[in-house]
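A.B. asks:
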Amino acid sequence: DAGVIQSPRHEVTEMGQEVTLRCKPISGHDYLFWYRQTMMRGLELLIYFNNNVPIDDSGMPEDRFSAKMPNASFSTLKIQPSEPRDSAVYFCASSHGLVYNEQFFGPGTRLTVL
Amino acid sequence: KQEVTQIPAALSVPEGENLVLNCSFTDSAIYNLQWFRQDPGKGLTSLLLIQSSQREQTSGRLNASLDKSSGRSTLYIAASQPGDSATYLCAVKVGGTDKLIFGTGTRLQVFP
Numbered sequence: 009d010a011g012v013i014q015s016p017r018h019e020v021t022e023m024g025q026e027v028t029l030r031c032k033p034i035s036g037h038d039y040l041f042w043y044r045q046t047m048m049r050g051l052e053l054l055i056y057f058n059n060n061v062p063i064d065d066s067g068m069p070e071d072r073f074s075a076k077m078p079n080a081s082f083s084t085l086k087i088q089p090s091e092p093r094d095s096a097v098y099f100c101a102s103s104h105g106l107v108y109n110e111q112f113f114g115p116g117t118r119l120t121v122l
Numbered sequence: 478k479q480e481v482t483q484i485p486a487a488l489s490v491p492e493g494e495n496l497v498l499n500c501s502f503t504d505s506a507i508y509n510l511q512w513f514r515q516d517p518g519k520g521l522t523s524l525l526l527i528q529s530s531q532r533e534q535t536s537g538r539l540n541a542s543l544d545k546s547s548g549r550s551t552l553y554i555a556a557s558q559p560g561d562s563a564t565y566l567c568a569v570k571v572g573g574t575d576k577l578i579f580g581t582g583t584r585l586q587v588f589p
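Residue numbers (our numbering), protein chains in the order written: chain X, 9 to 122; chain U, 478 to 589.
#1: Less than 7 Å between C-beta atoms, sequence neighbours within five positions excluded: which residues of the same chain meet that for Ile-34 (chain X)?
#2: Quick one: what's got a C-beta closer than 7 Å to His-37 (chain X)'s C-beta in the same chain, skipping five residues either side?
#3: How is Gly-582 (chain U) classed by DSSP in three states: helix, strand or coil?
#4: Starting from the Cα of Gly-518 (chain U), find the closest Cα among X:Arg-17, X:Ser-66, X:Ser-74 and X:Lys-32 and give me that residue.
#5: How many Å lie between Ile-527 (chain U) and Ser-66 (chain X) at the Cα?
#6: Thinking C-beta only, is Arg-532 (chain U) closer than 8 Å to Leu-543 (chain U)?
#7: Excluding five sequence neighbours on each side, which residues of the same chain lie with their C-beta closer than 7 Å to the C-beta of Thr-503 (chain U)?
#8: Output needed for Ser-546 (chain U): all residues of its chain with C-beta closer than 8 Å, excluding positions within five of it in sequence on either side, in chain order.
#9: Evaluate the contact criterion for the region 578–588 of chain U versus the region 489–497 of chain U: three or more CB pairs, one atom per stretch, below 8 Å.
#10: At which residues does the beta strand (DSSP E) containing Leu-539 (chain U) begin and terminate?
#11: With 16 other CB atoms within 10 Å as the buried threshold, where does Thr-117 (chain X) fall?
#12: Please list, in chain order, all residues of the same chain as Ser-536 (chain U) whose beta carbon is under 6 Å from its beta carbon, the five residues on each side excluded.
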C-alpha cells in the first residue's frame with residue numbers, strides 16, 4: 009500500500025490567494041482527518057470525515073477554511089483567502105475505524121503564505 | 478480538558494544507551510494511546526498503539542507502557558542508534574471525544 013498521499017508537498021503563495029490541499033487516504037480506511045502543525049500550537053485536528061461525511065469541524069479556525077470529501081479516495085482542504093498566519097504544515101491521516109485503531113499520516117504539505 | 482505533556486522536550490544521548498521518554502495526560506478516561514515518530518520535514522510514523530485495557534506493547538527495540546490510573550506512558554528505546562534521532566510524539570484518544578490529543582514531543586538526538 010502506498011500509504012496516505014498528499015499533494016502538493018510544498019506550496020508558496022501570496023496573501024489573498026486561494027490554496028487547495030489534496031489527500032488520498034489508504035484504501036479501505038473509512039475515517040479521514042486533517043491536522044495542522046505549527047511551532048506555537050503543535051498538532052491540531054481541523055476536521056474529520058467518516059464515510060465521506062464531515063463529522064466534526066470544530067477545529068476549523070474560521071470560515072476561510074473548508075474541506076470536502078467527494079468520494080472515499082479523495083479529500084481537499086481549501087483556504088480562501090489565505091493569510092500569512094495560515095503558514096503551517098498540514099497533515100492528512102486516515103484510519104480504519106475510529107476509537108481503537110491507529111491513524112496513519114501522510115507526509116504533509118508545507119504551506120507558506122507571504 | 479485533556480492535556481498531554483512530554484518530558485523531556487529534548488534529549489541527546491550517545492549511541493548504545495537505553496532511554497525512556499515520558500508522556501503524561503490529565504484525564505485518565507482514554508480509549509488508547511499512540512506513540513509516533515516524526516523525522517524533520519516528514520509526516521508522522523505510528524510506532525505503537527496501546528489500548529486502554531493493555532499495560533504495554535512491544536515492537537523490536539521499542540516498548541511502550543501505559544498506566545492509566547496515574548496518567549502516564551513511557552516509551553523505552555533499547556540500544557539506541559543514530560537512526561533513532563527524531564521527534565517522538567504521544568497522543569491520546571479520549572473518551573467522549575473523537576480527537577487525538579497530541580503532546581508537544583521529545584526531540585531525540587543519538588550521536589555516534
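Glycine included, every Cβ here is placed at the ideal spot set by N, Cα and C. Please read all numbers here as calculations on a predicted model, not as lab measurements.
C.D. replies: Let's see:
#1: Result list for Ile-34 (chain X): Asp-9, Gly-11, Val-12, Ser-102 and Phe-112, in chain order.
#2: Around His-37 (chain X): Ser-102, Ser-103 and His-104.
#3: In the three-state scheme derived from DSSP, where H, G and I count as helix and E and B as strand, Gly-582 (chain U) is classed as coil.
#4: Nearest neighbour of Gly-518 (chain U) by Cα position, chosen from X:Arg-17, X:Ser-66, X:Ser-74 and X:Lys-32, turns out to be X:Arg-17.
#5: Rounded to the nearest angstrom, the two C-alpha atoms are 27 Å apart.
#6: Going by C-beta atoms, Leu-543 (chain U) is nearer than 8 Å to Arg-532 (chain U).
#7: Answer for Thr-503 (chain U): Gln-479, Glu-480 and Gly-548, listed in chain order.
#8: Ser-505, listed in sequence order.
#9: Enough Cβ pairs lie closer than 8 Å, so yes.
#10: Boundaries of the beta strand (DSSP E) harbouring Leu-539 (chain U): 539–544, taken from the DSSP string.
#11: Sixteen is the threshold: when 16 or more other Cβ atoms of the shown chains lie within 10 Å of the Cβ of Thr-117 (chain X), as they do, the residue is buried.
#12: Shown here for Ser-536 (chain U): same chain residues with a beta carbon closer than 6 Å to its own, the five before and five after excluded, namely Leu-525 in chain order.
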